[in-house]
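**Student:** Counting from 1 along the sequence shown, just add 286 to a position and that's the residue number in our numbering.
My questions all concern the structure below.
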Amino acid sequence: MLRLLANALFKRTAPNISYMKHSLKTGFSFGMTSAIITTLGLMVGLNSGTHSRIAVLGGILTIAIADAFSDSLGIHISEESEDKHSSKEIWESTVFTFLTKFVFALTFIIPVLLFQLQTAVAINVVWGLSLLVVMNFGLARSQGKKPWKIIGEHVMIAALVIVIAHYVGLLIAAAFV
Numbered sequence: 287m288l289r290l291l292a293n294a295l296f297k298r299t300a301p302n303i304s305y306m307k308h309s310l311k312t313g314f315s316f317g318m319t320s321a322i323i324t325t326l327g328l329m330v331g332l333n334s335g336t337h338s339r340i341a342v343l344g345g346i347l348t349i350a351i352a353d354a355f356s357d358s359l360g361i362h363i364s365e366e367s368e369d370k371h372s373s374k375e376i377w378e379s380t381v382f383t384f385l386t387k388f389v390f391a392l393t394f395i396i397p398v399l400l401f402q403l404q405t406a407v408a409i410n411v412v413w414g415l416s417l418l419v420v421m422n423f424g425l426a427r428s429q430g431k432k433p434w435k436i437i438g439e440h441v442m443i444a445a446l447v448i449v450i451a452h453y454v455g456l457l458i459a460a461a462f463v
């Protein structure tokens, strides 16, 4: 999974996920999207509401562990409910969802440890949206679809989550601080 993104970033080409098995593609695409959007939303909301590095770090770690388990179980049950995948494929999706979400959620910790909180949040928003663009470009390319429509749709949803989380954090801070 990291090799796909490294190739995309350093060779300036989108990852080609069309060769991946269904189970791995499911885990990768779901886990990465969930890691990005959930972590950014939580991080921005916690920052807006608390301005606390420890709260933001705790939130990211919680997402990386608890939400990765939750999402991987969700994928597991979803794949089982389709009744068209082998047990091995279901478990591959489950494990790959967990690993992808866990690893990518943890990448958001690095800027929080290295920079002032406001700067780290801005860096993470750029990082997360960049990951989303690269992944969706590869997805569109592998499906023969227009990348900018898919990218635009998914980035807009992520931006909406970020904006809503920011204002919810501000509302909570105003109501309880």
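All C-beta atoms, glycine included, are put in the ideal place defined by N, C-alpha and C.
Hey, which unbroken runs of the alpha helix (DSSP H) at 4 residues or more fall wholly within the stretch 397 to 433?
**Tutor:** 403 to 429
**Student:** Let me know the secondary structure DSSP gives His337 once reduced to three states.
**Tutor:** coil
**Student:** Along the alpha helix (DSSP H) that carries Ser372, what are the first and last residues, could you check?
**Tutor:** It is not in any alpha helix (DSSP H) - Ser372 carries neither H nor E in the DSSP assignment.
**Student:** If you count every other CB in all the chains shown that lies within 10 Å of the CB of Ala461, and 16 or more means buried, which is it?
**Tutor:** With fewer than 16 Cβ atoms within 10 Å of its Cβ, Ala461 is classed as exposed.
**Student:** Kindly confirm or deny that the stretch 312 to 320 and the stretch 387 to 405 touch, where touching means at least three C-beta pairs closer than 8 Å.
**Tutor:** Counting Cβ pairs under 8 Å, three or more are found: they touch.
**Student:** Helix, strand or coil: how does DSSP classify Lys311 here?
**Tutor:** helix
**Student:** For Val447, tell me which candidate among Arg427, Gly414 and Val420 has the shortest Cα-Cα distance.
**Tutor:** Gly414
**Student:** Inspect the beta-carbon positions of Leu310 and Phe382 and report whether they are closer than 7 Å.
**Tutor:** The answer is yes: Cβ separation under 7 Å.
**Student:** Would you call the stretch 327 to 347 and the stretch 396 to 412 in contact, with 3 or more CB pairs under 8 Å?
**Tutor:** yes
**Student:** By Cβ distance below 8 Å, which residues in the same chain neighbour Ala459 in space, the five residues on each side in sequence not counted?
**Tutor:** Closer than 8 Å at Cβ, skipping near neighbours: Ser334, Gly335 and Thr336.
**Student:** Hey, would you say Ser379 sits closer than 7 Å to Ile363, going by beta carbons?
**Tutor:** no
**Student:** Exposed or buried, what is Ile437 when buried is set at 16 or more other beta-carbons lying within 10 Å of its beta-carbon?
**Tutor:** buried
**Student:** Considering just the uninterrupted stretch of the alpha helix (DSSP H) at Asp353, what are its terminal residues?
**Tutor:** Where Asp353 is concerned, there is no enclosing alpha helix (DSSP H), given that its DSSP letter is neither H nor E.
**Student:** Pick out whichever of Arg427, Ile443 and Val398 has its Cα sitting closest to the Cα of Ala341.
**Tutor:** Val398
**Student:** Look up Phe296 in the DSSP assignment and say whether it is helix, strand or coil.
**Tutor:** At Phe296, the pLDDT of 46 sits below 50, so the modelled position is not reliable; the number obtained from the coordinates is stated separately. Helix.
**Student:** Judging by CA-CA distance, which residue of Met329, Asn410, Val441 and Ile450 is the nearest neighbour of Met421?
**Tutor:** Val441
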